[in-house]
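Residue numbers (my numbering): 240 to 340.
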């Protein structure tokens, strides 16, 4: 891995629209988890939820290449896209508007 790449383990990042009151992530086999970061974008219509933070990782900078697994859900918890189901990580370059347009 080069200095300009940052690889996040598949359990480090989860994208979700739904957090249940018991701390579990809707649709994730009801396993308990602590939400480390929950941020909202686009007029409160998109939520990013970091469930597990990897050991020793740092925040990626513009120009870094990042590989993640994600699960995208509607507010009701139904999955509409998942890199996990395809068993294929999503790789993008930070700061290049390659994720959500």
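From the three backbone atoms N, C-alpha and C, an ideal C-beta is built for every residue, glycine too.
Rounded to whole angstroms, residue 337 and residue 311 show a C-alpha spacing of 16 Å. DSSP places residue 306 inside the beta strand (DSSP E), whose first and last residues are 304 to 307. Between residue 332 and residue 304, the C-beta gap is smaller than 8 Å, which places the two residues in contact. Beyond the five residues adjoining it in sequence on each side, residue 301 comes within less than 6 Å, by CB distance, of 333, 334 in the same chain, given in chain order. Taking the C-beta atoms as reference points, residue 330 is found nearer than 8 Å to residue 306. For residue 332, DSSP records a beta bridge to 304.
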